[in-house]
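Have a look at the structure below before the remarks.
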Amino acid sequence: MFARPKRLTTSIDMAPLIDVVFLLLIFFMLTSSFTLPSLQVKLPTAKGQTDTSPEVILVAVDAQGSITIQGSPVPLSQFDETIRALSQGNSDRKIHFRGDQKMNYGLFVDLM
């Protein structure tokens with residue numbers, strides 16, 4: 632009788648699509664930035680001289696992480712002992728911290 636024409640089946644080739652998806656995935660993985668959680672610190676700007684009276688202990692940290700107390704260099708291991716010795720007899724004594732702009736502020740957290 633009459634022969635039916637064969638239907639053409641269409642299919643989408645998935646291999647190029649998968650290649651493009653993986654290339655996009657790799658691109659976004661390489662260009663994204665991963666940041667570690669950190670402590671947000673808002674530093675005030677100085678508007679005048681800092682009080683350096685004898686009741687104030689001045690702690691300064693430079694960009695390399697070197698600690699000075701009242702102008703004398705102190706290793707991190709002796710920081711607690713030095714602060715206790717300077718504040719003996721006066722528990723209301725204030726401690727002022729000064730830090731270099733390029734220092735690691737995680738060190739301030741350790742000092743406090």
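FYI, in the working numbering the residues of the sequence shown are 632 to 743. Every residue, glycine too, gets a C-beta built ideally from N, C-alpha and C. Just so we're clear, the structure is a prediction, and the values are computed from it rather than from any experiment.
Non-local beta-carbon contacts of glutamine 701 in its own chain, meaning distances under 8 Å to residues more than five positions away in sequence, involve Ile688, Leu689 and Leu717 in chain order. Judged by DSSP in its simplified three-state form, alanine 634 adopts coil rather than helix or strand. In the DSSP annotation of this structure, leucine 689 is not part of any alpha helix (DSSP H); the continuous beta strand (DSSP E) holding it starts and ends at 687-692.
With a threshold of 16 other beta carbon atoms within 10 Å, valine 692 meets it and is buried.
For lysine 725, the beta-bridge partners assigned by DSSP are Val687. Beta-bridge analysis with DSSP links threonine 713 to no other residue.
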